[in-house]
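Residue numbers (full-length UniProt numbering): 1 to 145. Just so you know, even glycine gets a beta-carbon here, dropped at the ideal spot from N, CA and C. All figures in this text were calculated on a predicted structure; none of them were measured in a lab. Remarks on the structure that follows.
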Amino acid sequence: MESIAMKVTTIYAAQILGYLTAKEEPLATAKEIVAQVGVTYQYCMKILNEMRHAGLLVSEQGCRGGFRLGKAAEKISLYDVVSLFERDYAKLHGRDFLPDDSFSRVMDYILEIEAEKMKHLTIREIYSCDKCRLKMLVESCGQEI
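Below, the structure written as structure tokens:
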């Protein structure tokens, strides 16, 4: 099965959140994050700032400063990340054009189901599961809706 294209920025953002979730220390410098995720400093700062503006991260200034999660990892959903960086996805979901078109209704329904699944998956769950348990988590998430 082919997967839907996703921006690499979205993947890096999720990896950054996953790294901050797994870290024992709550703060991480941009330099640490760059080394962990493997992106350029400028690109990383762009991602960090977007997440900071969205409230997913907080930056603390000073010699012992850095970035930390803006809220508990249990409160950050996959949807929070995807809707921030995949703006086209957010625009498609809930669109009002062609409401009487059968294809549009089916696509709206599918996107609504996807969005609900993503809202129920948290960064904590995603980054604390092994591959097998994550698959079961995603499958069970669809049954809760």
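Take the alpha-carbon of K75 and the one of L17: they are about 12 Å apart. Inter-segment contact for the segment 22 to 29 and the segment 64 to 84 is present: three or more beta-carbon pairs are separated by less than 8 Å.
About 5 Å separates the beta carbons of T9 and F85, which is inside the 8 Å limit, making them a contact pair. Bridge pairing for R64: absent [DSSP]. Beta-carbon to beta-carbon, M118 and S77 are separated by about 6 Å, close enough to satisfy the 8 Å threshold.
Boundaries of the alpha helix (DSSP H) around G18: V8 to A22. A straight line joining the alpha-carbon of R105 with that of R87 spans about 20 Å.
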